[in-house]
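In my numbering, the protein residues as written are 1 to 190. Where a beta carbon is used, it is the ideal one built from N, C-alpha and C, also for glycine.
This is how it looks when you write it as C-alpha cells:
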C-alpha cells in the first residue's frame with residue numbers, strides 16, 4: 001500500500017512516477033529560484049541605497065551646504081521612515097551618502113552590489129583606506145564571506161597583515177608577492 005502511495009500511474013502510457021523524486025526535484029527548483037530572487041532583490045536594494053546617497057551628496061548637499069544638510073537630513077529621514085520604513089533613518093541616510101562617496105564609480109557598482117549585501121557594505125564603511133575597502137570587498141565576494149566572517153577578517157586586520165607580509169618580501173625572495181593571505185605563514189617558510 002505504501003508503495004502505491006509513492007507511485008502515481010499515468011493514464012496515457014501506464015508508466016509510474018516516483019512521488020518522492022518529483023517532490024525532491026520541485027523543491028530544488030523552488031530553493032534555487034528563491035536564492036536567485038533574494039540575490040536580485042538584494043542587488044536592487046543596494047543600488048537604491050547608492051542612488052539615494054549619490055543624490056543627497058550631489059544635489060541636496062552640493063558638497064558645499066554642510067550646515068543646510070545637517071538641518072535637512074533629520075527632517076528628510078523622519079518623513080522617509082514614516083512613509084517607507086526604518087531603512088531610511090538618519091543614520092542609514094548618512095551610510096548611503098558615505099557609500100556613494102566611497103564608490104563614485106558607477107561602473108563597478110552593479111558587480112559589487114550583486115555580490116555584497118547592504119549588511120556587508122555597512123561593515124566596510126568604517127574602513128579608512130579605499131585599498132582596504134576594496135581588499136575586503138573582493139575577499140568577501142571571492143571567498144563568499146558571510147557578515148560574521150567579514151567582521152572576523154576586519155577585526156584580525158587581514159588586509160594590514162597582508163600588506164606587512166608583502167613589504168617583507170624582496171625581489172630575491174623565493175616566495176611570490178601576494179601569495180599568502182595569512183602573514184604568519186611567512187615565518188613558517190622562512
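In the displayed model, residue 23 falls within a helix according to three-state DSSP. For residue 41, the closest alpha carbon among the candidates 110, 102, 124 is that of 110.
Here the alpha carbons of residue 135 and residue 159 stand approximately 7 Å from one another. The segment 150-157 and the segment 119-131 touch, with no fewer than 3 CB-CB distances between them shorter than 8 Å.
DSSP places residue 99 in the uninterrupted alpha helix (DSSP H) bounded by 90-102.
Using a 10 angstroms sphere on the CB of residue 37, the tally of other CB atoms stays under 16, which defines it as exposed. Following the DSSP letters along the chain, one finds residue 121 inside the alpha helix (DSSP H) bounded by residues 118-124. For residue 164 and residue 108, the gap between their C-alpha atoms comes out near 28 Å. Residue 30 sits in a helix when the DSSP states are folded into three classes. Contact annotation: residue 50 and residue 103 have beta-carbon atoms nearer than 8 Å. Relative to the Cα of residue 77, the nearest Cα in the group 28, 131, 52 belongs to 52.
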